[in-house]
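Numbering (the numbering used here), first residue to last: 103 to 904.
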Amino acid sequence: MTTSYRRSVRVSLLALSGALALAPALACAQDAPLVRPGAPGQASTALSPEQAIAVAQAGYSPADVRFMQDMIHHHYQAIEMVELVRGRTNDEDLLSLASRIEASQDDEIAFMQGWLTERGETAPDPAAHVGMGHGHAMSGPRKAMSGMATPEQMAALAAAKGTEFDRQFLNLMIAHHNGAIEMTDHLLDQSGSAYDPVLFIFTTDVTTEQQAEIDAMVGVLAKLTDDPRTGLSAGYADAGKSARNMALVGELRKPAGFYDPANPSNLPPAIPAETEGEDPSYGKRGSHLSFANTDMAFRGDLMVAGNYHGFNIYRLGAEGMPALVSSVVCPGGQGDVSIVGDMLIMSVEQRSARVDCGLQGIDEDVSKDRMLGLRIFDISNPALPRQTAVVQNCRGSHTHSVVSGPGQGGTDDTIIVYVSGTGGVRDEEELAGCVAGLPGDEDSALFSIDVVEIPVADPSKARIVDSPRVFADTASGEIAGLWRGGDHGDGTQETRTTDQCHDITVFPSLNLAAGACSGNGIILDISDPLKPRRIDAVTDKGFAYWHSATFNNRGDKVVFTDEWGGGMRPRCRVFDPNDWGADAVYDIKDGRLAYRSHYKLPAAQGEKENCVAHNGSIVPVPGRDIFAQAWYQGGLSIMDFTDSANPVEIAHFDRGPVSDEHQILGGYWSTYFYKGHVYGTEIVRGIDVLTLEPSDHLTRNEIDAAALAQEVNGTFNPQQQFPVQWPADPVVALAYVDQLRRAGVEAALIDPLAASLQAMKAGSGSKAALKSAAAPLASATLDASQGWRKDALMEVIGELTA
């Protein structure tokens with residue numbers, strides 16, 4: 103819409119609004135009195151007919167007036183920011199944008215002032231207000247308006263020039279425009295607001311124009327970044343790629359039966375145009391069947407990749423490349439998988455899922471054929487898996503956690519699994535005991551997890567043995583004892599009610615579990631795995647939905663993730679807060695959580711890239727805490743959180759969006775390190791295989807040592823962590839040596855030792871020479887930050903020289 107056209111429309115609207123405001127009221131003569139009662143105990147007041155209908159006759163509410171008055175001040179700050187542009191930048195795109203913003207804000211301020219004046223309301227003159235030295239700091243409840251820059255930010259902007267000014271201006275103005283949209287949304291959420299059709303049209307106009315200008319600013323800002331991930335070209339098979347300190351060594355497309363050949367990228371269906379020349383439109387609803395790749399599990403040389411449509415089994419070759427063994431079609435989502443011996447466990451939560459794995463779904467509200475809970479498969483013959491049992495529950499299984507089983511610290515005849523359900527409660531007629539209820543109802547199927555026992559010899563007898571109330575108030579016993587939902591104050595996130603866990607990651611060797619439970623992060627004592635007991639809980643003002651939890655290898659840190667927007671939305675844009683949709687890193691001491699930092703993907707993503715913190719795993723480099731994390735269409739980010747207060751990115755891999763026209767759920771669901779490779783389930787495209795490459799952040803010795811890490815029973819399950827072990831190998835020792843060198847330990851202490859270890863690695867060294875080379879470092883005193891690392895190195899050397 104051009105400025106002149108916009109102004110003419112506003113003038114017409116203003117004339118209409120004046121006519122509506124001045125229209126004569128219709129009054130009916132009557133003899134009966136009209137009164138307005140006072141407060142309790144006060145006398146009633148007689149009213150005239152005109153007074154009695156004053157509010158209804160006005161056609162607008164106090165909230166409307168407040169919105170217009172506040173928005174005038176809000177818009178005026180944008181004009182002040184624009185006035186700083188001249189003389190501070192020569193970027194033609196930014197200068198053009200600034201001119202466009204100034205015209206639209208001036209125009210809208212004039213309209214809002216006219217609207218208020220026509221109704222006899224106070225129309226602020228922000229220029230006069232500033233001229234009196236008051237600035238834009240407003241008193242009382244109006245002082246915090248969404249997106250407005252602080253005086254300190256305005257001062258910093260005024261002091262900046264060139265590219266730095268451009269970045270600050272765009273970031274502040276994008277936040278400012280988003281604030282205007284939030285203010286508009288807040289107005290429309292209030293009952294009776296924007297009843298005036300003129301005001302309603304104006305709010306729509308504001309939102310449309312602000313969003314269009316945001317889109318333009320995001321494009322200009324993307325050109326200022328030096329991160330190659332920002333602005334990658336879109337495509338299903340030919341999207342742009344960016345890699346730093348990583349290499350993509352293999353790509354596998356989804357196998358037949360797990361994608362639509364006519365629409366492999368899952369684009370929304372086109373709606374035929376009704377008239378010639380009409381702009382194309384597209385469907386908004388998902389299909390009956392979903393082919394989204396989900397989570398993975400590993401055992402030996404087998405890899406199982408879950409999918410909403412079933413799962414695929416691969417065998418890993420000598421170079422780590424997967425080769426398809428079988429595809430199992432069994433729809434039901436989410437399809438998260440775990441492996442225990444020859445048993446595969448899969449989560450099922452979609453109400454269309456059937457016990458018999460049928461493709462036809464279920465239409466009835468109540469059906470004996472519906473399957474919600476856990477499926478159990480025999481994969482002793484990976485080429486022909488067989489379903490052996492189901493465990494039905496009330497809310498389905500979004501995820502699950504294998505707590506113990508044969509060779510995993512429990513008994514050899516029983517597997518214990520925690521089930522986290524996030525769906526709605528099914529009808530009690532379909533499954534007895536399934537009652538939604540209210541937070542205070544003790545029989546509610548909400549506010550609990552399910553504990554399942556699976557007999558190894560006869561999985562068909564698997565059953566729920568308990569549904570512990572892990573969110574209960576420890577004093578009163580009330581089952582809704584944790585976060586009740588809502589925000590945490592001005593400028594904070596709206597956090598989900600804690601009535602479910604999304605993920606529970608168990609760390610059996612320490613009898614601990616970390617739960618990411620919608621509104622809280624919790625720690626459980628699982629010393630009795632059948633009776634998990636909450637021992638700590640934390641909240642975060644920036645978290646919308648606590649999604650997953652991953653321990654470090656020692657179990658004294660945990661990384662929680664926030665799935666702001668549910669994974670479906672772009673939440674890594676340049677203006678999105680760095681502590682929303684991010685990781686939160688906590689230290690654990692004596693079962694208590696201590697917050698240390700936030701970490702968020704450092705590369706801005708576009709409006710067509712769903713991006714938020716999602717699933718990942720530890721990269722088992724001895725002596726360090728490193729996390730390989732999926733960010734949906736934000737790609738893969740390798741985070742070093744060895745210093746838990748200062749996490750940093752050390753490597754990445756990313757693609758452009760699946761589509762540059764449509765917002766498609768895509769990117770990495772999970773990225774897991776296993777035996778020297780990072781495997782990623784690409785939701786739309788298939789499976790990626792990546793390797794780490796040496797850099798200033800990670801040496802070849804550290805990468806090779808990580809590949810030597812040995813999992814318990816040779817199994818990796820996503821929500822089950824055992825400390826990995828490293829063999830007594832010169833490469834492991836050299837990894838520690840490299841870390842000491844990076845930390846600044848004297849070369850005289852470590853160079854001879856490194857040379858001796860290299861000789862042993864090559865097969866030409868001796869134990870005596872290694873002992874001699876290690877002696878100076880062994881007797882040296884290092885500070886506490888490196889002393890433990892030296893001790894770990896000496897332990898490996900002791901084994902090598904034994």
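Idealized CB from N, CA, C, for every residue including glycine. As the structure is a prediction and not an experimental result, all values here were calculated from the model.
Notebook entry, point to check: Starting from Arg675 and walking both ways along the alpha helix (DSSP H), at which residues does that stretch end?
Noted result: In the sequence shown, residue 675 corresponds to position 573, counting from 1. Per DSSP, Arg675 lies in no alpha helix (DSSP H) segment and is marked neither H nor E.
Check: Can you tell which of Leu738, Ser429, Leu872, Gly419 has the C-alpha that lies nearest to the C-alpha of Asn409?
Finding: Taking the sequence shown and counting its residues from 1, one reaches residue 409 at position 307. Ranking Leu738, Ser429, Leu872, Gly419 by Cα distance to Asn409 puts Ser429 first.
Checklist line | Opening and closing residue of the beta strand (DSSP E) in which Ser504 lies | finding: Position 402 of the sequence shown, counted from the first residue, corresponds to residue 504. The identity of residue 504 in the sequence shown is Val, whereas the question assumes Ser. Annotation for Val504: the continuous beta strand (DSSP E) segment containing it runs 501-506.
Notebook entry, point to check: What are the partner residues of Asp627, as DSSP defines its beta bridges?
Noted result: Numbered from 1 along the sequence shown, position 525 holds the residue referred to as residue 627. According to DSSP, residue pairing for Asp627 in a beta bridge involves Leu614, Arg635.
Note to self: To test your reading of the DSSP string, which unbroken beta strand (DSSP E) runs of 3 or more residues are found completely within the region 343-377?
What the structure shows: Listed in chain order, the complete beta strand (DSSP E) runs (minimum 3 residues) inside the region 343-377 are 343-346, 348-355.
Checklist line | Per DSSP, the bridge partner or partners of Asp552 | finding: Here residue 552 corresponds to residue number 450 of the sequence shown, with the count starting at 1. Answer by DSSP bridge pairing, in chain order: Val521.
Next item on the list: Measure the C-alpha to C-alpha separation of Thr594 and Arg355 and round it to an integer number of angstroms.
Entry: Mapped onto the sequence shown, residue 594 falls at position 492. Mapped onto the sequence shown, residue 355 falls at position 253. When rounded, the distance between both Cα atoms is 41 Å.
Margin query: According to DSSP, Gln827 sits in a beta bridge with which residue or residues?
Written below: Position 725 of the sequence shown, counted from the first residue, corresponds to residue 827. Gln812, per the DSSP bridge assignment.
Item checked: C-alpha distance - Ser503 paired with Phe824, whole-angstrom precision -> As a first step, residue 503 is located in the sequence shown; it is residue number 401 there, counting from the start. As a first step, residue 824 is located in the sequence shown; it is residue number 722 there, counting from the start. Distance between the alpha carbons of Ser503 and Phe824 is about 13 Å.
Next item on the list: Could you round the C-beta distance between Gln489 and Leu474 to whole angstroms and report it? I think they count as a contact, below 8 Å.
Entry: In the sequence shown, counting from the first residue as 1, residue 489 sits at position 387. In the sequence shown, counting from the first residue as 1, residue 474 sits at position 372. Between Gln489 and Leu474 the beta-carbon gap is near 15 Å, outside 8 Å, which marks them as no contact.
Check: Whose C-beta lies closer than 7 Å to the C-beta of Asp68 among residues of the same chain, with five residues either side of it excluded?
Finding: The requested residue 68 is not part of the displayed model; the chain covers only 103 to 904.
Notebook entry, point to check: Does the Cβ-Cβ distance between Asp689 and Asp727 come in under 8 Å?
Noted result: Taking the sequence shown and counting its residues from 1, one reaches residue 689 at position 587. Taking the sequence shown and counting its residues from 1, one reaches residue 727 at position 625. With respect to Asp727, Asp689 sits apart: the two C-beta atoms are not nearer than 8 Å.
Next item on the list: Sort Asp692, Gly644, Leu301, Ile606 by Cα distance to Lys702 and report the nearest one.
Entry: The residue you call residue 702 lines up with position 600 of the sequence shown. Ranking the options by Cα distance to Lys702, first place goes to Gly644.
Note to self: Is the separation between the beta-carbon of Ser546 and that of Ile581 shorter than 8 Å?
What the structure shows: On the sequence shown, residue 546 is found 444 positions in, with the first residue counted as 1. On the sequence shown, residue 581 is found 479 positions in, with the first residue counted as 1. With contacts defined as CB atoms closer than 8 Å, Ser546 and Ile581 qualify as a contacting pair.
Next item on the list: May I ask you to report which of helix, strand or coil DSSP gives Asn819?
Entry: Position 717 of the sequence shown, counted from the start, is the residue given in the question as residue 819. The answer is strand: DSSP assigns Asn819 an E or B state.
Check: Over what stretch of residues does the alpha helix (DSSP H) that includes Gly281 continue unbroken?
Finding: As a working mapping, residue 281 is identified with position 179 in the sequence shown. According to the DSSP assignment, Gly281 belongs to the alpha helix (DSSP H) that extends over 264-291.
Note to self: Tell me whether the region 782-792 and the region 744-751 touch, counting them as touching only if at least three CB pairs, one residue from each stretch, are closer than 8 Å.
What the structure shows: With the cut-off at 8 Å, the region 782-792 and the region 744-751 do not touch.
Margin query: Nearest by alpha-carbon distance to Arg891: which of Pro854, Ala877, Val847, Ser858 is it?
Written below: Here the question's residue 891 lines up with position 789 in the sequence shown. Residue Val847 is the option with its Cα nearest to Arg891.
Checklist line | Whole-angstrom distance between Glu804 and His700, CA atom to CA atom | finding: As a working mapping, residue 700 is identified with position 598 in the sequence shown. As a working mapping, residue 804 is identified with position 702 in the sequence shown. Distance from the CA atom of His700 to the CA atom of Glu804, rounded to whole angstroms, is 25 Å.
Notebook entry, point to check: Apart from the five residues on each side of it in sequence, which residues of its chain come closer than 6 Å, Cβ to Cβ, to Ile517?
Noted result: Position 415 of the sequence shown, counted from the start, is the residue given in the question as residue 517. Correct list, in chain order: Val442, Gly507, Ile556.
Check: Are Gly758 and Ile785 close, meaning C-beta to C-beta below 8 Å?
Finding: The count along the sequence shown starts at 1 and reaches residue 758 at position 656. The count along the sequence shown starts at 1 and reaches residue 785 at position 683. Taking a C-beta distance under 8 Å as the contact criterion, Gly758 and Ile785 do not qualify as a contact pair.
Notebook entry, point to check: Terminal residues of the continuous alpha helix (DSSP H) containing Lys869?
Noted result: Along the sequence shown, one-based indexing puts residue 869 at 767. First-last of the alpha helix (DSSP H) with Lys869: 869-881.
Item checked: Cβ neighbour criterion (16 or more within 10 Å) applied to Thr773 -> Counted from its first residue, the sequence shown places residue 773 at position 671. With 16 or more other Cβ atoms within 10 Å, it is buried.
Check: Could you give the distance in angstroms between the alpha-carbon of Thr305 and the alpha-carbon of Ala314?
Finding: One-based indexing of the sequence shown puts residue 305 at position 203. One-based indexing of the sequence shown puts residue 314 at position 212. In this structure, the CA atom of Thr305 is about 14 Å from the CA atom of Ala314.
Notebook entry, point to check: By Cβ distance, which residues of its chain are closer than 6 Å to Cys603, with the 5 residues on each side in sequence left out?
Noted result: As a first step, residue 603 is located in the sequence shown; it is residue number 501 there, counting from the start. Cβ within range, chain order: Ser522, Ile551, Gly617, Cys619.
Notebook entry, point to check: Leaving out five residues before and five after Leu879 in sequence, what residues of the same chain have Cβ atoms less than 7 Å from its Cβ?
Noted result: Numbered from its first residue, the sequence shown carries residue 879 at position 777. So the qualifying residues of the chain are Leu851, Ile852, Leu855, Lys892.
Checklist line | Cβ-based neighbour list, Gln270, same chain, cut-off 7 Å, excluding 5 preceding and 5 following | finding: The residue you call residue 270 lines up with position 168 of the sequence shown. Listed in chain order, the non-local C-beta contacts of Gln270 below 7 Å within the same chain comprise Ala258, Leu259, Ala262, local neighbours out to five positions each way being set aside.
Notebook entry, point to check: Can you tell me the Cα-Cα spacing of Val661 and Phe755, whole angstroms?
Noted result: Counted from its first residue, the sequence shown places residue 661 at position 559. Counted from its first residue, the sequence shown places residue 755 at position 653. Near 20 Å, if we compare the C-alpha coordinates of Phe755 and Val661.
Check: Thr773 bridges to which residues according to DSSP?
Finding: Position 671 of the sequence shown, counted from the first residue, corresponds to residue 773. Note: Thr773 sits in a beta bridge opposite Gly782.
Item checked: Gly337 - containing alpha helix (DSSP H), residue span -> Residue 337 sits at position 235 when you count from the first residue of the sequence shown. Unbroken run through Gly337: none, as it is neither H nor E.
Note to self: Tell me the DSSP secondary structure of Gly216 in three-state form.
What the structure shows: Working through the sequence shown from its first residue, we reach residue 216 at position 114. Gly216 falls in the helix class under three-state DSSP.
Next item on the list: Just confirm the distance between the C-beta atoms of Val554 and Leu323, as a whole number of angstroms; I'd bet it's less than 8 Å.
Entry: Counting from one through the sequence shown, the residue named residue 554 turns up at place 452. Counting from one through the sequence shown, the residue named residue 323 turns up at place 221. So it is not a contact: roughly 49 Å between Cβ atoms.
Check: What is the residue span of the alpha helix (DSSP H) that Gly889 lies within?
Finding: Looking up residue 889 in the sequence shown gives position 787. Unbroken alpha helix (DSSP H) run through Gly889: 886-902.
Notebook entry, point to check: Taking the DSSP output, what are the residues bridged to His754?
Noted result: Along the sequence shown, read from residue 1 onward, the residue named residue 754 stands at position 652. Looking at the DSSP output, His754 shares a beta bridge with Arg346, Ser739.
Checklist line | Buried versus exposed call for Gln144 [16 or more other C-beta atoms within 10 Å across all chains shown] | finding: What you label residue 144 is simply residue 42 of the sequence shown in a count that begins at 1. So Gln144 counts as exposed.
Next item on the list: Tell me Ser440's beta-bridge partners as DSSP assigns them.
Entry: Taking the sequence shown and counting its residues from 1, the one referred to as residue 440 is at position 338. Answer is Ile447.
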